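Report on one structure; see the data block that follows.
Protein chains: 2
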Amino acid sequence: MGPRGLDTGGLELVEAPDTIAMDEKPAEAVRAKPDASLVVACRAVADRRADAVVSAGNTGAMLAAGLLHLRRLPNVLRPAIAVPIPAANGPSVLLDSGANADARPEHLLQFGHMGAVFAEEVLGIARPEVRLLSIGEEAEKGNQLTLEAHALLAESGLRFAGNAESRDLLAGAADVVVCDGFTGNVALKLLEGTIRTLLDALRAEIAATPRGKLGGLLIRPAAARLRTRLDPDTYGGAYLLGLRGLAVIAHGNSSRVAIANAIRLAARGVEHDVVGRLAARLPERRPSAAV
Amino acid sequence: MGPRGLDTGGLELVEAPDTIAMDEKPAEAVRAKPDASLVVACRAVADRRADAVVSAGNTGAMLAAGLLHLRRLPNVLRPAIAVPIPAANGPSVLLDSGANADARPEHLLQFGHMGAVFAEEVLGIARPEVRLLSIGEEAEKGNQLTLEAHALLAESGLRFAGNAESRDLLAGAADVVVCDGFTGNVALKLLEGTIRTLLDALRAEIAATPRGKLGGLLIRPAAARLRTRLDPDTYGGAYLLGLRGLAVIAHGNSSRVAIANAIRLAARGVEHDVVGRLAARLPERRPSAAV
Numbered sequence: 604m605g606p607r608g609l610d611t612g613g614l615e616l617v618e619a620p621d622t623i624a625m626d627e628k629p630a631e632a633v634r635a636k637p638d639a640s641l642v643v644a645c646r647a648v649a650d651r652r653a654d655a656v657v658s659a660g661n662t663g664a665m666l667a668a669g670l671l672h673l674r675r676l677p678n679v680l681r682p683a684i685a686v687p688i689p690a691a692n693g694p695s696v697l698l699d700s701g702a703n704a705d706a707r708p709e710h711l712l713q714f715g716h717m718g719a720v721f722a723e724e725v726l727g728i729a730r731p732e733v734r735l736l737s738i739g740e741e742a743e744k745g746n747q748l749t750l751e752a753h754a755l756l757a758e759s760g761l762r763f764a765g766n767a768e769s770r771d772l773l774a775g776a777a778d779v780v781v782c783d784g785f786t787g788n789v790a791l792k793l794l795e796g797t798i799r800t801l802l803d804a805l806r807a808e809i810a811a812t813p814r815g816k817l818g819g820l821l822i823r824p825a826a827a828r829l830r831t832r833l834d835p836d837t838y839g840g841a842y843l844l845g846l847r848g849l850a851v852i853a854h855g856n857s858s859r860v861a862i863a864n865a866i867r868l869a870a871r872g873v874e875h876d877v878v879g880r881l882a883a884r885l886p887e888r889r890p891s892a893a894v
Numbered sequence: 604m605g606p607r608g609l610d611t612g613g614l615e616l617v618e619a620p621d622t623i624a625m626d627e628k629p630a631e632a633v634r635a636k637p638d639a640s641l642v643v644a645c646r647a648v649a650d651r652r653a654d655a656v657v658s659a660g661n662t663g664a665m666l667a668a669g670l671l672h673l674r675r676l677p678n679v680l681r682p683a684i685a686v687p688i689p690a691a692n693g694p695s696v697l698l699d700s701g702a703n704a705d706a707r708p709e710h711l712l713q714f715g716h717m718g719a720v721f722a723e724e725v726l727g728i729a730r731p732e733v734r735l736l737s738i739g740e741e742a743e744k745g746n747q748l749t750l751e752a753h754a755l756l757a758e759s760g761l762r763f764a765g766n767a768e769s770r771d772l773l774a775g776a777a778d779v780v781v782c783d784g785f786t787g788n789v790a791l792k793l794l795e796g797t798i799r800t801l802l803d804a805l806r807a808e809i810a811a812t813p814r815g816k817l818g819g820l821l822i823r824p825a826a827a828r829l830r831t832r833l834d835p836d837t838y839g840g841a842y843l844l845g846l847r848g849l850a851v852i853a854h855g856n857s858s859r860v861a862i863a864n865a866i867r868l869a870a871r872g873v874e875h876d877v878v879g880r881l882a883a884r885l886p887e888r889r890p891s892a893a894v
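Going down the list, the protein sequences come from chains L and B. Residue 857 in this note's numbering sits at position 254 of the first sequence, with consecutive numbering throughout. Residue 710 in this note's numbering sits at position 107 of the second sequence, with consecutive numbering throughout.
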């Protein structure tokens, strides 16, 4: 039995009476509320009382708590949010999906290495193909950031296959798709929003006529299969990579299934020692220019 | 009758024997091939022998030819590509969709003004609402570029409604959505690619069972209505705004319908004097800081 007589099924229940709202300023909230659950959980991982933290709370606060209590791995310049994308030919991982709104080329290089470790250990892909999200497949297409990152990635030892275009993201552009956090966040939300808006619009068109309604009943299982495959709940969450402990961020509106899958995602990362693999990978391949 | 005895229906046919391929370097190709059709057409507009140029050719070459022969309007810092988005509640315009891979805050301010003129004159929207594409609706969410652009747009006199999130782009985030050309190009291609991939995936799921196939036949008219609404051919093209003449860029794989609509889009811009409206708007509202 845990505190207050709750049956915790043998798990230790740690009290965390503070609450960080979704609209609070992350860094301030994390300092002002040391007893919020995501802060308590990050401390528990830092103190090795827990193996991983899973939260569906304020993403910025999770990042701030991770940086403050878990801290960066020695050679990591910036942590990154790695999100599994339900691509048509199997999952790929998009990073950074929003940890850093501004990034430098050497950060993108590290994101490539971190994404490769994620793809290998969490998605089970041997020698994952890495691409850089840009505005044309040719090496000379891009902005200043991607042009410089392209050169670094080409010499990285990763299985780098050049630029990926966003039009191929859902079809399966690469095992690992690298970008800055602003672009990644725009891309991720656009993907989710477009899928939702399009399926809603199709449903409305179908419901507009009796013929359509009958057809809609008949395609319901097919639509449900598609929705399940594209559902973010299938993966349950994103990894916050680059810290000295494992952190999984679930959607703010996660279902019970999504939370269960997020915990499974965290467990897989612990079993495959993603943090140890990252620590081992980054120093050895980090170019001196990135110091 | 035009040259070579072709019946041109009374239109003057101007010979343009050079060809610029899709993979040629834009600026070099435009200088090396003065008799390519898009270069000839830009010169015709510059010489006032034509009112507008429409091309489905190399976008970069079109931009280079526009800058070289049409030249920028006096107070325009950078031209921008303005693309109509088939949003659920009516068209909105996204700019810059790829003319400038890197942009400064004052460019985004001008894109806001240019997009407002486009929405007023081409889309027929009075007092269009302008939003800045970012990674959160709050003013303090964004990267360095959008944070600074937000401040400029807030003081611009435009009907600025703050940040838009990419998840709302297809649902109708605003009449005018402003961003740098890298982000806009990623967003536009992601939108197009996700729509195509999703509809293909749905078709494949439907075709997987006899029940689904029957349902698919019944929803065909509904799906066709949706596809027509979302079809880029419906608008036919994008405006290259900020030049001393009107230029419309059509998709490289445009159908005959798309080319006809692109010409219609150009005609509408001429009738509504979009270039004159831009020239009149930009100096008067341009803040001194942007000089």
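From the three backbone atoms N, C-alpha and C, an ideal C-beta is built for every residue, glycine too. Since the model is a prediction, treat every value here as computed from it, not as a measurement.
How many angstroms separate the CA atom of residue i from the CA atom of residue j?
| i | j | result |
| --- | --- | --- |
| His875 of chain L | Glu723 of chain L | 9 Å |
| Asn678 of chain B | Gly845 of chain B | 9 Å |
| Pro682 of chain L | Gly669 of chain B | 42 Å |
| Leu755 of chain L | Glu709 of chain L | 7 Å |
| Gly760 of chain B | Val877 of chain B | 19 Å |
| Arg734 of chain B | Val720 of chain B | 14 Å |
| Ala644 of chain B | Tyr838 of chain B | 21 Å |
| Ala655 of chain L | Arg859 of chain L | 19 Å |
| Gly612 of chain L | Gly715 of chain B | 57 Å |
| Gly802 of chain L | Ala827 of chain L | The sequence as given places Leu at residue 802 of chain L; Gly does not occur at that position. Answer to the nearest angstrom: the Cα atoms are 11 Å apart. |
| Ala752 of chain L | Gly765 of chain B | 31 Å |
| Ala667 of chain L | Asp610 of chain L | 32 Å |
| Ile691 of chain L | Ala804 of chain B | The sequence shown places Ala at residue 691 of chain L, rather than the Ile named in the question. Approximately 8 Å, taken between the alpha carbons. |
| Ala706 of chain B | Ile809 of chain B | 44 Å |
| Glu732 of chain B | Ala777 of chain B | 6 Å |
| Ala892 of chain L | Ala647 of chain B | In this prediction, Ala892 of chain L has a pLDDT of 48, which is less than 50 and means its spatial position is unreliable; nothing more can be read from the coordinates. |
| Ser737 of chain B | Gly787 of chain L | 11 Å |
| Asn703 of chain B | Ala630 of chain B | 14 Å |
| Asp771 of chain L | His854 of chain B | 17 Å |
| Ala649 of chain B | Val781 of chain B | 28 Å |
| Leu885 of chain L | Met717 of chain L | 8 Å |
| Val725 of chain L | Leu868 of chain L | 8 Å |
| Leu711 of chain L | Glu740 of chain B | 26 Å |
| Lys628 of chain L | Gly701 of chain L | 16 Å |
| Ala774 of chain L | Val851 of chain B | 30 Å |
Applying the 10 Å Cβ sphere with the 16-neighbour rule, what's the burial state of residue i?
| i | result |
| --- | --- |
| Met665 of chain B | buried |
| Val894 of chain B | Per-residue confidence for Val894 of chain B stands at a pLDDT of 41, beneath the threshold of 50, marking its modelled position as unreliable; the derived number appears in the next sentence. So Val894 of chain B counts as exposed. |
| Gly879 of chain B | exposed |
| Ala635 of chain L | exposed |
| Thr622 of chain L | exposed |
| Ala883 of chain B | exposed |
| Glu758 of chain L | exposed |
| Gln747 of chain B | exposed |
| Asn856 of chain L | exposed |
| Thr831 of chain B | exposed |
| Gly727 of chain L | exposed |
| Ala767 of chain B | buried |
| Asp626 of chain B | exposed |
| Pro687 of chain B | buried |
| Leu616 of chain L | exposed |
| Gly784 of chain L | buried |
Could you pull the start and end residues of the alpha helix (DSSP H) that residue i belongs to?
| i | result |
| --- | --- |
| Glu808 of chain L | 784-809 |
| His753 of chain L | 747-757 |
| Ala861 of chain B | 859-874 |
| Leu817 of chain L | 813-833 |
| Glu709 of chain L | 708-724 |
What is the residue span of the beta strand (DSSP E) that residue i lies within?
| i | result |
| --- | --- |
| Glu768 of chain B | 762-768 |
| Ser658 of chain L | 655-658 |
| Pro637 of chain B | It is not in any beta strand (DSSP E) - Pro637 of chain B carries neither H nor E in the DSSP assignment. |
With DSSP as the reference, please indicate the residues paired to residue i in a beta bridge.
| i | result |
| --- | --- |
| Arg675 of chain L | L:Leu846 |
| Glu732 of chain L | L:Arg762 |
| Ser737 of chain B | B:Glu768 |
| Asp621 of chain B | B:Ala639 |
| Val851 of chain B | B:Val657, B:Tyr842 |
| Ser695 of chain L | L:Ile688 |
| Val781 of chain L | L:Leu698, L:Leu735 |
| Ala774 of chain B | BP columns for Ala774 of chain B are empty, so no partner. |
| Ala683 of chain L | L:Leu844 |
For the ligand ATP, is there any heavy atom lying closer than 7 Å to the beta carbon of residue i?
| i | result |
| --- | --- |
| Ile809 of chain L | As for the ligand ATP, it is missing from this structure, which has no ligand bound. |
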